[in-house]
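The numbers in the sequence shown follow my numbering, run straight up by one, and end at 550.
Structure first, then comments.
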Amino acid sequence: MRGIMKRTFWKGLLIVMALGMALAPACWAAGKQGEKTRGRERSKPALEVEPSLPLSLQVRLVNLQKNPKGGVASVALHALSDSDMDGVTVTVTLPQEVTFADGSHVFTQTLRLSAGSTLEIPKDLLVGKDGKYVVQVEAAGTTPQGKLVHRGTAFKLLVGAQESLPPVKDGAIEYQGVPGGGF
């Protein structure tokens, strides 16, 4: 019995070795071809182009000096351009209870933006009484190719007020997805 097992083992080993030698060149060539393909894929970086807007706006609160009723809010308007733009008109519109230092509710300035530059316009806002206010900022200009660009943003100014959170239901805060409940 041991002799039969030994002979079977050796025959099986010889068959495996013979198959391995016969198939080795084909496997080796396939492996090399796969390396070349993988190498080509690695050498070509994936080109991803994210579209960007040629003009962007941002408003941020720099300082808030609180008075018993209302206060003085210092804000900074940032305008950023990806291309040279002449004649960009920036307009800031304030609500009724908020004014600029000169007493007006609308500020307009026409300026030139260079590619990659950020322009900062500091402004002081006088707030007559506590509350939540929305400051609207718009900018319009023309790209060197003649395309009209119009951007707008809004900034929520809280003076002596806080954002109220929605009610907690079953341990979670629920936000309404559609104002008015949809249909």
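Every residue, glycine too, gets a C-beta built ideally from N, C-alpha and C.
I'd like to know whether the C-beta atoms of residue i and residue j end up nearer to each other than 8 Å.
| i | j | result |
| --- | --- | --- |
| LEU525 | LYS499 | yes |
| VAL465 | VAL494 | yes |
| LEU428 | LEU461 | no |
| SER441 | ASN434 | no |
Thinking residue i and residue j are a contact (beta carbons under 8 Å), I'd like their distance in whole angstroms, please.
| i | j | result |
| --- | --- | --- |
| GLU487 | ALA443 | 5 Å |
| SER448 | LEU424 | The Cβ separation is near 10 Å, so there is no contact. |
| ALA506 | VAL455 | 6 Å |
| GLN476 | VAL457 | 5 Å |
Using the Cβ count rule (16 or more neighbours within 10 Å means buried), how would you classify residue i?
| i | result |
| --- | --- |
| ALA446 | buried |
| VAL426 | buried |
| MET452 | buried |
| VAL504 | buried |
| LEU515 | exposed |
| GLY483 | exposed |
| GLY508 | buried |
| GLY379 | exposed |
Spatial neighbours of residue i within its chain, please: C-beta separation below 7 Å, excluding the five flanking residues on both sides.
| i | result |
| --- | --- |
| LYS523 | LYS499 and VAL501 |
| ASP497 | LYS436, GLY437, VAL526, GLY527 and ALA528 |
Within its chain, find whatever has a CB closer than 8 Å to the CB of residue i; leave out the 5 residues flanking it on each side and keep chain order.
| i | result |
| --- | --- |
| SER481 | SER448 and ASP451 |
| THR510 | PRO421, SER450, MET452 and VAL516 |
query = Where are the alpha helix (DSSP H) runs, 4 residues long or more, that stay fully inside the stretch 439 to 509, in chain order?
reply = none
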